[in-house]
Each structure stands twice: as structure tokens, then as C-alpha cells.
Amino acid sequence: MAKILNIGFINDSVHGIPINTSVQCNGSNFKSSPSRNAAYVVMHYTGNEKDQAKANAQYFTGANRNASAHFFVDDKEIYQSVALHNIAWHCGAQTYYHGDCRNTNSIGIEMCCTAGNYKISDETEKNAAYLCAYICKQLGITAGTVDTCVLRHYDVTHKNCPAQMVNNPQEWKAFKELVKTILKNGAF
Ligand SMILES: [Zn+2]
Numbered sequence: 536m537a538k539i540l541n542i543g544f545i546n547d548s549v550h551g552i553p554i555n556t557s558v559q560c561n562g563s564n565f566k567s568s569p570s571r572n573a574a575y576v577v578m579h580y581t582g583n584e585k586d587q588a589k590a591n592a593q594y595f596t597g598a599n600r601n602a603s604a605h606f607f608v609d610d611k612e613i614y615q616s617v618a619l620h621n622i623a624w625h626c627g628a629q630t631y632y633h634g635d636c637r638n639t640n641s642i643g644i645e646m647c648c649t650a651g652n653y654k655i656s657d658e659t660e661k662n663a664a665y666l667c668a669y670i671c672k673q674l675g676i677t678a679g680t681v682d683t684c685v686l687r688h689y690d691v692t693h694k695n696c697p698a699q700m701v702n703n704p705q706e707w708k709a710f711k712e713l714v715k716t717i718l719k720n721g722a723f
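Per our numbering, residue 536 is the first one in the sequence shown, and the count goes up by one each step.
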């Protein structure tokens, strides 16, 4: 299921955290599009030793990064870097392992390595699950379609991202179950 997206930046709170849109991505790091069909949410981790959402958003204000994501999430903050109707460059590859999901029809969410040692903390995962569920609702993804429409970067390109959810499939399963529960409860 795909939905035409013409929403840009979100003026709302998720899990009690206002989505901060004050540090936006440099226009050279994504493809502008007035609207588009989007059907997937792709989860990532930043892959840094230890980092936070704001610093990532600031990094992508620089030109020619050759990558981007719609959101950066940490223990306390959520930054939206790219408007939803624009195409962020978060899951492009030479070879794809998913038949349909591409940058053009997906939203990319980056989880910061807030726990240190290249790990995502439980709190960051929880905040990201709430944000993911919120975006699912915008795209018309229900609890029943989370398993096909919420993907890891790994599922699209086989990149080891988010590493701990690739190495530990149970952690990925638990994340998706939380997204489903949030969608069922309808409390974002
Ligand atoms: Zn990734």
C-alpha cells in the first residue's frame, strides 16, 4: 500500500518529544519532490561510537554529504532533517535485496548510538518506535502491515544496519511488536 505524501515538516510531538525542525538538511543531500508515493519506513543506526540527534542534523546542513535521512532520534530529542515529500538518500545501493523499497518510496529514520560503543540505547529505540508508528499512520501502514512495510536498512541492501537489530533478530522483532502496539493503542 502506498500513499501520496505531500506533508513536509511535522509540527507535532511524539512520545512527549516535540519534533525539532530547526536544523534542516542541505539541499544538495536529497532530491526535491513536491509529492510522492511512499509505502515503507526504513530503520537505520548512525553507526558512530556515540552520538546524538542534533549533531547529526547539524552535520547534514553541510553540502555534498552524499547521504541523508528524514529523522534522527536519540534518548531525548527528535530532529527532522528532510521534508517527508522529499527523497532522502538513506537506502540506495548497486544491488537491492528487496523487490520494491527504494529511497523514492520510503522514509528513513536514523537511531543514534546513544548507548556508546556503536549501540542504540533502549530509550532511543523506544522513541524511534513511537516515531516509526507515527509515520506508519501517515503512510496508512497498520499493525497488520508493519511486518512488510517497516524494514531495516539491511532488508533493502544487506548493509549491516542497524547492526544490533541485524545481529539479534529478536531485538528487531521486539521493535516491530512495539510499533504494532503503539499503532493499535493509537497513542503516539
Ligand atoms: Zn542504514
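For every residue, glycine included, the Cβ atom is placed at its ideal position computed from N, Cα and C. Values in this document were obtained by computation on a predicted structure and should not be read as measured data.
Restricting to Cα atoms, I'd like to know which of the options is closest to residue i.
{"i": "P697", "options": "S563, H579, S557, I539", "result": "H579"}
{"i": "N572", "options": "Q699, N640, Y653, A668", "result": "N640"}
{"i": "G643", "options": "N621, Q593, N599", "result": "N621"}
{"i": "K661", "options": "Q593, Y575, S568, D610", "result": "D610"}
{"i": "V603", "options": "W624, G597, N703, V691", "result": "It is Ser, not Val, that sits at residue 603 in the sequence shown. If we check each option's Cα against that of S603, W624 comes out closest."}
{"i": "S567", "options": "L619, V577, R600, W707", "result": "L619"}
{"i": "V576", "options": "A650, N703, I670, A722", "result": "I670"}
{"i": "F723", "options": "I539, G543, V549", "result": "V549"}
{"i": "H605", "options": "N583, V558, Y632", "result": "V558"}
{"i": "D586", "options": "K538, G651, A628", "result": "G651"}
{"i": "V608", "options": "N695, C647, K715", "result": "C647"}
Verify the contact flag: residue i, CB atom, against every heavy atom of ligand 1, threshold strictly below 7 Å.
{"i": "K694", "result": "yes"}
{"i": "H605", "result": "no"}
{"i": "H633", "result": "no"}
{"i": "H579", "result": "yes"}
{"i": "H625", "result": "yes"}
{"i": "H688", "result": "yes"}
With 16 other CB atoms within 10 Å as the buried threshold, where does residue i fall?
{"i": "G634", "result": "exposed"}
{"i": "K711", "result": "buried"}
{"i": "N720", "result": "exposed"}
{"i": "D657", "result": "exposed"}
{"i": "D547", "result": "exposed"}
{"i": "N638", "result": "buried"}
{"i": "N564", "result": "buried"}
{"i": "S616", "result": "buried"}
{"i": "A663", "result": "buried"}
{"i": "A592", "result": "buried"}
{"i": "Q705", "result": "exposed"}
{"i": "E717", "result": "Correcting the residue identity first, residue 717 is Ile in this sequence and not Glu. So I717 counts as buried."}
{"i": "T692", "result": "buried"}
{"i": "K708", "result": "exposed"}
{"i": "I542", "result": "exposed"}
{"i": "D682", "result": "exposed"}
Could you check where the beta strand (DSSP E) with residue i kicks off and where it finishes?
{"i": "A573", "result": "571-573"}
{"i": "N720", "result": "N720 -> not in any beta strand (DSSP E); alpha helix (DSSP H) instead, spanning 704-720."}
{"i": "N555", "result": "552-555"}
{"i": "I539", "result": "538-540"}
Practice problem: Would you mind listing the alpha helix (DSSP H) stretches within the region 585-638 that are 4+ residues and don't spill past its ends, in chain order? | Solution: 588-594
Self-check item: Every unbroken alpha helix (DSSP H) within the region 633-700, with a cutoff of 4 residues, ordered by chain
Solution: Listed in chain order, they are 657-674, 681-684, 688-692.
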